[in-house]
Each structure stands twice: as structure tokens, then as C-alpha cells.
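Note sheet for the following structure.
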Amino acid sequence: MKTFKTLFILLALSALTLPVRAQGHYKRFTVSTYIIQGTAQALMNGNMDLAGSWANLTRHLKVDKVYIEVMRNHTLVDENGIEKLKKFFQDQGVQVCGGLAYSISESNGYQGFDYADPENREFARKAVELAARHFDEVLLDDYYFFDRKTDYDIAAKKNKSWTQYRLETMRDVTRNLIVKPAKAVNPRCKVIIKMANWYDQYAAMGNDTEQVPSIADGMFSGTESRLWFGQEQHLQPYLSYDIMRFMDNLKPGVNKGGWVDQGGANPIDRYSEQLLDTVFARCPEMCCFNYAGMLGTIRSGPNRIWGDLPTSLNLADLQKSFNTNDGNTTFADIAAYTLSQADQVLSQVGKPVGIKTYRPYHATGEEFLHDYLGMIGLPMDILPQFPTDAGMVLLTEQAKHDPNIISKIKSQLQAGKAVCVTSGFVRAMQGKGIEDICELETTGATVPVRRFTFAGGPGAPFRGRGPAPQPGAPDPFEAQRDILIPELKYYNILTHDAWGDALGISPGGTTYPMVLSCDYSKGKLYVLTIPGDPADLYALPPTVLSVIRATIGSSEPIRIENAPAQVALFRYDNNTFIVQNYLPTATEVSVSVAGNETELRDLLTSKTVTPVPQPSGGFGRFGGFGGRRPAAPQRTSFTITVQPHSYMAFAAK
Numbered sequence: 009m010k011t012f013k014t015l016f017i018l019l020a021l022s023a024l025t026l027p028v029r030a031q032g033h034y035k036r037f038t039v040s041t042y043i044i045q046g047t048a049q050a051l052m053n054g055n056m057d058l059a060g061s062w063a064n065l066t067r068h069l070k071v072d073k074v075y076i077e078v079m080r081n082h083t084l085v086d087e088n089g090i091e092k093l094k095k096f097f098q099d100q101g102v103q104v105c106g107g108l109a110y111s112i113s114e115s116n117g118y119q120g121f122d123y124a125d126p127e128n129r130e131f132a133r134k135a136v137e138l139a140a141r142h143f144d145e146v147l148l149d150d151y152y153f154f155d156r157k158t159d160y161d162i163a164a165k166k167n168k169s170w171t172q173y174r175l176e177t178m179r180d181v182t183r184n185l186i187v188k189p190a191k192a193v194n195p196r197c198k199v200i201i202k203m204a205n206w207y208d209q210y211a212a213m214g215n216d217t218e219q220v221p222s223i224a225d226g227m228f229s230g231t232e233s234r235l236w237f238g239q240e241q242h243l244q245p246y247l248s249y250d251i252m253r254f255m256d257n258l259k260p261g262v263n264k265g266g267w268v269d270q271g272g273a274n275p276i277d278r279y280s281e282q283l284l285d286t287v288f289a290r291c292p293e294m295c296c297f298n299y300a301g302m303l304g305t306i307r308s309g310p311n312r313i314w315g316d317l318p319t320s321l322n323l324a325d326l327q328k329s330f331n332t333n334d335g336n337t338t339f340a341d342i343a344a345y346t347l348s349q350a351d352q353v354l355s356q357v358g359k360p361v362g363i364k365t366y367r368p369y370h371a372t373g374e375e376f377l378h379d380y381l382g383m384i385g386l387p388m389d390i391l392p393q394f395p396t397d398a399g400m401v402l403l404t405e406q407a408k409h410d411p412n413i414i415s416k417i418k419s420q421l422q423a424g425k426a427v428c429v430t431s432g433f434v435r436a437m438q439g440k441g442i443e444d445i446c447e448l449e450t451t452g453a454t455v456p457v458r459r460f461t462f463a464g465g466p467g468a469p470f471r472g473r474g475p476a477p478q479p480g481a482p483d484p485f486e487a488q489r490d491i492l493i494p495e496l497k498y499y500n501i502l503t504h505d506a507w508g509d510a511l512g513i514s515p516g517g518t519t520y521p522m523v524l525s526c527d528y529s530k531g532k533l534y535v536l537t538i539p540g541d542p543a544d545l546y547a548l549p550p551t552v553l554s555v556i557r558a559t560i561g562s563s564e565p566i567r568i569e570n571a572p573a574q575v576a577l578f579r580y581d582n583n584t585f586i587v588q589n590y591l592p593t594a595t596e597v598s599v600s601v602a603g604n605e606t607e608l609r610d611l612l613t614s615k616t617v618t619p620v621p622q623p624s625g626g627f628g629r630f631g632g633f634g635g636r637r638p639a640a641p642q643r644t645s646f647t648i649t650v651q652p653h654s655y656m657a658f659a660a661k
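Below is the structure:
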């Protein structure tokens, strides 16, 4: 969403100019770039070298499509220059479309249009009509939201909530102020709306994922996850993949692509990872925003301590192949290297699949938790309807917005399937039917835990026991700091109506469940305790994370175990998968595959990995604990080592 200022001095790249050439194409996705209004005007006026900048952008990156933005910051481009600029790009063999950014002033708190203001409404219509006169497709930048509270809005809102008012307003604006005027000017014009990266807060800003997908001609996903540490938006790296799946599932074919900018690209690996995770979700189009920013040069920096390792973004290999150095390697070069490699992988994987999780339209609660869970190795697949065909369904607090959610849980369990709910869901549903499935409650108390233990059934002799720590190695049952969790009260004395499968231990020695299970009819309900700060999930030791992965991923044919957090799994329906390591250190990962698979084949190198011996029993066999669970189906384990900020892709054979 943020515009990165055009640095015209940087872009005086005549010394690097290469001859204009015809464009090639990637096999599994198209690549586009977006020219913001100020850059478009500079290209029209000759203040920016059109042929030279295009040659530099495409010296390695294969671009199939260009968007020319005709309005930003309440300013239109000179209409007289549009067709000439459009023709230049058409002559390069690329598709040319229009763009619009409904901003009033980016420098004033990213101020957007006020759709209750008559002047703003008229200008919004005028802008889309301008775009439709020249283009058969128009992409709206994610400034297309509604956050104003002017006197116009206060009067128009009346007694509605701000969310209701904004949703209703933007439905009307989309239909009658944007789409209809565009098609009246040009019946062929398709209007595509790019949604921002903050998908869990769409409704509050008027972004409607329920009705607008049927009003507009398509949607676009903001996959800019940027840096996650210390950032106000709480965006996790996994979002770049997760939001694509969320948008894909709104309506078949509605999600046209993903969009990444240069924000938060320090280390530069984060830029590459955002592109990768977007295309790993099988997006049809990868938009590299923006044209001018893509020409900016990168600096690897002294803190990139993994620079000499064979990582996925191998700068030494890139610069050797592209004949560049730290002084003239551009973001476009990084994208070219990244996407070319990813294209090889994507030619071998199937459709993305994962743990089905239900998020009703416009739901709130435990915001972005799915991204945090993705960061601990759980492949998420967010759906707007309850998935009755899933063996395991994950429900966060957001499921409280379905008035029939308790009956849906019961039906799932009575069918012999499983449901995992979060502590936030339990809190929200207290007194609303959850106790009819399992008598438990959140007390409101918060307790610190650092050490952990594991259940093995009543009186089990190995409760709390497991592998002894190796000399100098971290204690496998201890986090590096206290983790604050909500207290869950449940009946675990004598009757064992519910059982803590993984428990945290307070400084005083009291145990509190991290993973809790309860039988109901022919199925099983699980409860996952979410720390007060969901990022504290990353502090859990791999032993606890493995229990969580085995529980929520009980129906998954492929899952990871014995790995730290900040390692993600992307799974596909043809027994292929990708493991992504976001950590700055190399990481050993155990991959558990259902059945008697004999090898993993690396999709990039064709090298194979053979199984490791299975443990004889007790701790580490996460399929069951002391009779609390049925015997687990046969699984085969493999061990891989993933380099820092890198991925590995495999087919299980």
C-alpha cells in the first residue's frame, strides 16, 4: 500500500541501458509491474528515460504485463500521453492495463477518499471513466478502502456501526460508482480490486469479501508481509502464502494474483521470500510493484551473516550469472533469480492443500492467528464455509460469528472426525454451548510457563519424561523465556473428562494445558492454548511444537516434526511439499509422511533422502499418548537440513 518515492536520480540509468528485447515468459505464472501515477507522468514527459528504464527492468526479469496508473493522490495523469505510453509497452509484446489509487494524500496518514463527500465521489467516477476509456482491464490499488470519519460520514452513518456503514457504502460505491461507470464507457473493461495485506481487518475498512467478489470482475491479494519484528501491522512472513489461499477460497477464479513491493526488504532475502510464498500458493500473476522501485539497487549489508552459504537467494551465484555486483544489482534482478528458480519447482507440484480452518465472512478475533500458526509449521487453508469434508477442522475465535457453530462442531464429532478450537474460541463461547461438548472454561487468569510436560494416560510412568538433553544443547522441555498463557479450567481429576496432552509448568510447579483433548460421541475435540502474545508460539520448544503439529495435523499425509518455529510447510495434493526456513540459521527438520514411503526426491536437484529409523516408543511417537489416542497409522520419517532464509521442495515417493 505504501508508495516508495521515485528516486529519479537513482533512475538515471543510462550507463546501464541495454537494447530493448522481446519478452519471454515463465511457465507457471505471469509477471507484471505497476507504474504509479507520478512515474507514468514522468515517462510521458520525458523526465524519465522510458526505453532505458524498461531495458534495465527487463534485462533478466521476464515481464508479461504492465499497469499504467492514471490517478493517485487526487491527481490525474495527462490523458493526452496515455496512448503513446501504452503503445510503447505494447510494442514490447506485453499486455497493458490501467491502474487507479484512490488516495487523497499519502503523506497525510495515507488519507483515502471519503465516499460520503460529493466531490470525492464525483472525482472517483471521473477517474475510473478515464481509465476505462484507454484500458480493457483496470486494477485498483489497495487504497480502495474507507476509513474516513468526516462530518459527511457521521451524518450518513446514523445509528449503524462504523463497520456496517462502511461495508454498505463500499458495496454501493463498487457497484454504482466504479464498475457501472467503467462498463458504461467501455463494456469490455474488467475492474479488479487489489485487497490490502491486513485481511483480518477488511470489514472495518469497508472491504467486503462476501458480496464484492460478485460485483467486481476479480480481486488481487496484497502479499506484502515485509518484516514482522516490531511492526505495527502484526504481519507474519507466512501471510504472503496464507492470504492467497484465503482469497482463492472466496470464490473460484476470483483471485487474480499477488502483489509485493520493496518494503521491509532488509535483509534482501525477505523480498525474495515474499515473492516465493506468493507463487508457492499457485498465484496466476505475480505483480512486482512498482516500476520505479524495481529499478532500485540492493545492498546485501554486513548483517547478512549467512551470505557465504548456499541459500535459496545465493547472491554470489546471482551476480555471477547476471554479471552484476552490490552496486548495480536491482530488485528486478532479485525477482528474476527468485522467480526463475520457483518456476522450476512449480512445474512439479499440484494444488495447494492444508489444514482446513473456518473463518466466517467479516469475522474478528485472534487476528492473524492463522499466520502465526503457519509460522510453526501448520499448512493453513482458510475457508469462508465450514468444511464438512475435513477429517480435522481448526476453529479460532473468529468462528464465534457463526450462530450455528456449536451444532456444526457436534455434527463433525458425531461423524467420527476431529475439531481443534483455540482458547480464544473457548472464551468466546462460554455459556453459549461449548460446555455441552466439554466442560471447560477460561478463568481470566494468566500464568507464566517455561517448562513443559506431556500426558501419557492415568498413572503413566513416563509422564514428563523424554529424551535427555545432550551436553551443551538446550533442554528439550524448556523455553528460553516465560510464556504467558490463559488458564483453562477442566475436569482432569479421576474422571479425566478432558486430558492435557501437552502442559506448561508454572514456576510453582502447577501444570496448565497447552494442548487438551476431550472425547465426544465418535470424535475428539482438541483445545490449543494461545499465549497472550501469539508470537510466543515461536518460543515453544520443538517438543511442544511437535505435539501441536501432530494434533492439528493428525489428518495430514505430510507434516513436519522436531523443528523450531519460523519454519513453514506448504503442501500440495500430489504428495509434493515445500519447507521454508525463515530463520537466520540452518535448521534440521524431521518430515513425517503417512505410509511406507521410501524416499524424498528434491525437486530442484533430483537428489534423494532416505528414511530415518523410527523410535521404539514412548516420547517422540506423537501419534498417541498412553491410550488417550488410537494407535497411529504407519508413518515414515525423513530428516533434512534447510539453509537460512531458504526453502527445499520434495516429492514423497
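FYI, the numbering for the sequence shown is 9 to 661, going by this note's numbering.
For every residue, glycine included, the Cβ atom is placed at its ideal position computed from N, Cα and C.
Asked: Cβ-based burial, K408 [other Cβ within 10 Å; buried from 16]; Found: buried
Asked: Rounded distance between the beta-carbons of L533 and Y520, thought under 8 Å; Found: Not a contact, Cβ separation roughly 18 Å.
Asked: Counted within 10 angstroms of its Cβ, other Cβ atoms place P292 as buried (16 or more) or exposed; Found: exposed
Asked: For R643, three-class secondary structure by DSSP; Found: strand
Asked: Where E137 sits in the DSSP three-state scheme; Found: helix
Asked: Cβ pair count under 8 Å reaching 3, the region 250-263 against the region 32-52; Found: no
Asked: One or two residues paired with M178 in a DSSP bridge; Found: The partner list for M178 (beta bridge, DSSP) is empty, contrary to what the question assumes.
Asked: Alpha-carbon to alpha-carbon, F578 and G382; Found: 9 Å
Asked: Counterpart residues of E486 in DSSP-defined beta bridges; Found: R459
Asked: Residues near P1 in its chain [Cβ-Cβ closer than 7 Å; skip 5 each side]; Found: It is not possible to answer for residue 1, since the shown part of the chain is limited to 9 through 661.
Asked: Given 8 Å, three or more beta-carbon pairs between the region 56-73 and the region 337-347; Found: yes
Asked: Extent of the continuous alpha helix (DSSP H) to which G664 belongs; Found: No statement about residue 664 is possible, as the shown extent of the chain runs from 9 to 661 and does not include it.
Asked: Nearest residue (CA-CA) to Q219, options A547, E176, R367, R253; Found: E176
Asked: DSSP state of W507 mapped onto helix, strand, coil; Found: strand
Asked: Which listed residue (V146, S248, L548, D256) has its alpha carbon closest to that of T217; Found: D256
Asked: Simplified DSSP assignment, three categories, for V47; Found: One detail in the question is off: residue 47 reads as Thr in this sequence, not Val. Three-state DSSP puts T47 in a helix.
Asked: For G226, the nearest candidate out of I201, N215, Q209, D250 (CA to CA); Found: I201
Asked: Alpha-carbon to alpha-carbon, D505 and I445; Found: 10 Å
Asked: Whole-Å CB distance - E569 paired with K661, under 8 Å assumed; Found: Contact flag wrong, Cβ pair sits at about 20 Å.
Asked: Anticipated Cβ contact below 8 Å, K198 with D144, distance rounded; Found: 7 Å
Asked: CB contact flag (I566, L536, <8 Å); Found: no
Asked: S645 to L496 span [Cα, whole Å]; Found: 33 Å
Asked: Residues near G106 in its chain [Cβ-Cβ closer than 8 Å; skip 5 each side]; Found: Y75, I76, E77, V78, A139, A140, H142, F143, E145, V146, L147
Asked: Residues that DSSP places opposite I556 in a beta bridge; Found: The partner list for I556 (beta bridge, DSSP) is empty, contrary to what the question assumes.
Asked: Cα-Cα separation between A224 and N184, rounded to whole angstroms; Found: 11 Å
Asked: D351 versus K35 - alpha carbon distance; Found: 7 Å
Asked: Three-state secondary structure (DSSP) of E293; Found: strand
Asked: Of the residues Q172, R253, G508, A63, the one placed nearest D379, counting alpha carbons only; Found: R253
Asked: Where V567 sits in the DSSP three-state scheme; Found: Reading off the sequence shown, one finds Arg at residue 567, where the question assumed Val. Here R567 sits in strand by DSSP.
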